[in-house]
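Engineer:
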Amino acid sequence: MYRGLLQLKDVDCLSSTNAIQNGLMPVVVTTPPQSAPNSRPASPYSRQPSPPRSLKPIFSRGMIASLSKSNVSLNQEIKKLQNQLKSLRNNYEIQEVKIKKLTKESKDTSSRTAQQSARCGEARHIVDSISIC
């Protein structure tokens with residue numbers, strides 16, 4: 001066969017339609033470079049050289065200044081929101097104390113009202129028994 005065509009015996013896991021389609025496509029086969037017989041095999045953990053760094057700065061001075069101003073304004077907004085949160089928490093705690101106090105007063109008032117109602121009922125019963133005589 002032609003050297004540039006994929007042979008079906010070289011295809012591992014292709015479906016039948018893909019095998020037929022790919023069988024007719026040219027394939028570029030690259031072979032790894034042969035190492036010299038005296039050299040050691042490359043470690044799989046060896047580090048690849050990093051690409052050369054660009055000499056251009058990533059951010060312009062104007063962009064850095066703009067980001068710095070944005071950062072300052074965001075930090076001010078954060079402090080403002082933190083102060084608002086602190087104030088809201090303080091108000092919540094004060095209102096919670098007031099609610100507990102009012103709840104206790106309401107229970108006490110309800111208890112006194114029940115006691116007075118019971119006394120009033122007893123007094124009415126006594127008045128009714130006296131007026132019958």
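Note that the UniProt record's numbering numbers the sequence shown so that position 61 is 61, with each residue one more than the last. Yeah, the Cβ is synthetic: ideal placement off N, Cα and C, and Gly gets one too.
1) Let me know the secondary structure DSSP gives residue 116 once reduced to three states.
2) What does the alpha-carbon distance come out to for the pair residue 63 and residue 48?
3) Using the C-alpha atoms, what's the distance from residue 66 back to residue 77?
4) Does residue 60 come out as helix, strand or coil in the three-state DSSP assignment?
5) Mapping DSSP to helix, strand and coil, what is residue 106?
6) Look at the alpha carbon of residue 120 and the alpha carbon of residue 110, and state the distance between them as a whole number of angstroms.
Structural biologist: Quick answer:
1) Against the sequence shown, residue 116 aligns to sequence position 116. For residue 116, the three-state secondary structure derived from DSSP is helix.
2) Here residue 63 is taken as the residue at index 63 of the sequence shown, counted from 1. Here residue 48 is taken as the residue at index 48 of the sequence shown, counted from 1. If you take the alpha carbons of residue 63 and residue 48, they lie about 33 Å apart.
3) Within the sequence shown, the letter at position 77 stands for residue 77. Within the sequence shown, the letter at position 66 stands for residue 66. Rounded to the nearest whole angstrom, the C-alpha separation of residue 77 and residue 66 is 16 Å.
4) One-based indexing of the sequence shown puts residue 60 at position 60. Of the three classes helix, strand and coil, the one that applies to residue 60 here is coil, per DSSP.
5) Mapped onto the sequence shown, residue 106 falls at position 106. Three-state result, residue 106: helix.
6) Walking along the sequence shown from the start, residue 120 turns up at place 120. Walking along the sequence shown from the start, residue 110 turns up at place 110. The alpha-carbon separation between residue 120 and residue 110 amounts to approximately 15 Å.
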